[in-house]
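Asks: This structure is in structure tokens; I'll ask about it shortly.
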Amino acid sequence: MKLENQVILVTSNEPWGDLWYSKQNYAYELSKKNTVYFINPPTKWRFGNLFSNPITEGSYNENLHFINYENFLPLRSDFLNKLNNKWVSKHLQKYFAKKGIKETILWAFDPLRLFNHKELGCKLGIYHCVDFYYFQYLGEYELCKNSDLLFATSQRFLDDYGDYEAPKYVVPHGISSEEFETKQEDLDNLDVDIEDYALYIGVIDHRMDFSLLERAIQKFPEVPFLFVGPLRLYHRPIKEKDLAAAKRIFEDKKYSNLHAIGSRHFKTLKNYIKKAKFCISFMDMEYHANTVHHHKTLVYLTQGKPVFGPIFSEYKELGNIMYMDNDGEEQLNLIANFLKNGEAPELGQLRIEHARQYTFENVLGEASKLVEKHSS
């Protein structure tokens, strides 16, 4: 069975919208050769869900659709979780059957729900881990137990699944070939009036090293720092010193060289990257997932941009195409040296060449071989 002309159900713990994560990118790329239904996470449970649970559908393009549903039951125990999962799965299976869809593949990114592809009537189940979830959810245990294939974006993640029998493979973050090309018209009409800025793209939350960021903003007052992404300072606990710094930076707007413009559609991000002088990944390495990689790094590299941050295990062999150090002060020194002396001109092209190895044509080509191998 090849990954062509299939109907693929993609689950995600982040809903469809302008803010794209790995799940949305995978869904978009899979839809180029398949029909994809992106199943949004349910909203907060309400008592009325017991009696009325309509499924609604929207479309991004002719091959990519998004599905909305709600939980029948509150997930207050493992028993209720499993029962709800069975009811919702059958509910969705009937919905697709009415559309004439009977053979599907489940490509699960969400560790919380729809954790048994057989209950959905799917002919193949894949669990694809793109982050550390620390086995804190019933769904992740069930997905590992029930899935036909276990994928992970890093060997570090995959090592956690050694107790499960399903075949295990590294299937990394991918990058669309569309992200390598920009149009001058789009660059000319970009909605920022600053040049040669330092750029961060992504959610602004507890995973960032705000203390280091504040030091960078203070050390380089001549450099505009542009942030593109949603501000979420209170979704998870933040260390006191970092929260104080975050408030000064993003709420009090203490620094005139800080520019935070909120979220933009993923497909426009390459334009902000193209006009950047360099990119930053100031992540707090006390969070285990931050030690592996930062999801936006590939997007930065597609435009040949230098990236400054800590030593991510997935990138430590890349040599001088990345500027990495686990000491915050040394990261700032690397930036200072770059601003003063520049860098070898060939590094930009080397970054682009590295990123091209991870185009979805390559990543999904290898994934298709794995699916074919284990479904024959």
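The sequence shown begins at 4 in our numbering and counts up by one.
Where is the CB? At the ideal position from N, CA and C, for every residue including glycine.
1. Can Leu-146 and Tyr-130 be called in contact, C-beta distance under 8 angstroms?
2. Below 8 angstroms on the Cβ atoms is my guess for Gly-264 versus Val-195; work out the distance and round it to an integer in Å.
3. Kindly indicate which three-state DSSP category Cys-125 falls into: helix, strand or coil?
4. Can you list, in chain order, the residues of its chain whose CB lies under 6 angstroms from that of Phe-269, leaving out five sequence neighbours each side?
5. Verify whether the separation of the beta carbon atoms of Thr-305 and Ala-358 is less than 8 angstroms.
6. Quick check on this structure: which residue in Gln-334, Val-302 and Lys-308 has the alpha carbon closest to the alpha carbon of Ile-314?
7. For Phe-285 versus Asp-212, is the C-beta spacing smaller than 8 angstroms?
8. So the alpha helix (DSSP H) Glu-389 belongs to, where does it begin and stop?
9. Per DSSP, what kind of secondary structure is Lys-47 in: helix, strand or coil?
10. Whole alpha helix (DSSP H) runs in the region 129–166 with 4 or more residues, listed along the chain?
11. Less than 8 angstroms between the CB atoms is what I'm expecting for Leu-3 and Leu-115, so what's the real figure, rounded?
12. At the level of alpha carbons, what is the spacing between Ile-355 and Lys-5?
13. Tell me whether Val-302 is buried or exposed, calling it buried when 16 or more other Cβ atoms sit within 10 Å of its Cβ.
14. The beta strand (DSSP E) with Ala-370 in it runs from where to where?
15. Distance check for Val-39 and Lys-105, CA to CA, integer angstroms please.
16. Name the residue from Phe-281, Pro-233, Phe-154 and Lys-277 whose alpha carbon lies nearest to the alpha carbon of Arg-267.
17. Assign Phe-311 to one of three DSSP states: helix, strand, or coil.
18. How many angstroms separate the CA atom of His-94 from the CA atom of Asn-71?
19. Do the CB positions of Glu-7 and Asn-37 come within less than 8 angstroms of each other?
20. Where does Arg-239 land, buried or exposed, given buried means 16+ other C-beta within 10 angstroms?
21. Can you find at least 3 beta carbon pairs, one from the region 87–101 and one from the region 116–128, that sit closer than 8 angstroms?
22. Here's a check: name, in chain order, each residue in its chain whose Cβ is nearer than 8 angstroms to the Cβ of Leu-86, leaving out the five neighbours to either side.
Replies: According to the structure data:
1. Inclusion of Leu-146 and Tyr-130 in the CB contact set at 8 angstroms is warranted, their separation being smaller than that value.
2. The question names Gly, yet the displayed sequence has Ile at residue 264. The Cβ separation is near 7 angstroms, so the contact holds.
3. Looking at Cys-125 - three-state DSSP - the assignment turns out to be coil, as it is neither helix nor strand.
4. Here the set comprises Trp-23.
5. The answer is yes: Cβ separation under 8 angstroms.
6. Nearest option by C-alpha distance: Gln-334.
7. Between Phe-285 and Asp-212, the C-beta gap is smaller than 8 angstroms, which places the two residues in contact.
8. As shown, the chain starts at 4 and ends at 379. That puts residue 389 outside it, with no answer to give.
9. Three-state result, Lys-47: coil.
10. Complete alpha helix (DSSP H) runs here, min 4: 141–149 and 158–161.
11. In the structure as shown, the chain begins at 4 and stops at 379. Residue 3 is therefore absent and cannot be evaluated.
12. The alpha-carbon atoms of Ile-355 and Lys-5 are separated by roughly 29 angstroms.
13. Result: buried.
14. Per DSSP, Ala-370 lies in no beta strand (DSSP E); the unbroken alpha helix (DSSP H) holding it starts and ends at 363–378.
15. Distance between the alpha carbons of Lys-105 and Val-39: 14 angstroms.
16. With respect to the C-alpha of Arg-267, the residue from Phe-281, Pro-233, Phe-154 and Lys-277 having the closest C-alpha is Pro-233.
17. Note: Phe-311 maps to strand in three-state DSSP.
18. If you draw a straight line from the Cα of His-94 to the Cα of Asn-71, it is about 12 angstroms long.
19. The Cβ-Cβ distance between Glu-7 and Asn-37 falls below 8 angstroms.
20. So Arg-239 counts as exposed.
21. In short, these stretches touch, since the Cβ pair count reaches three.
22. Hits under 8 angstroms: Leu-76.
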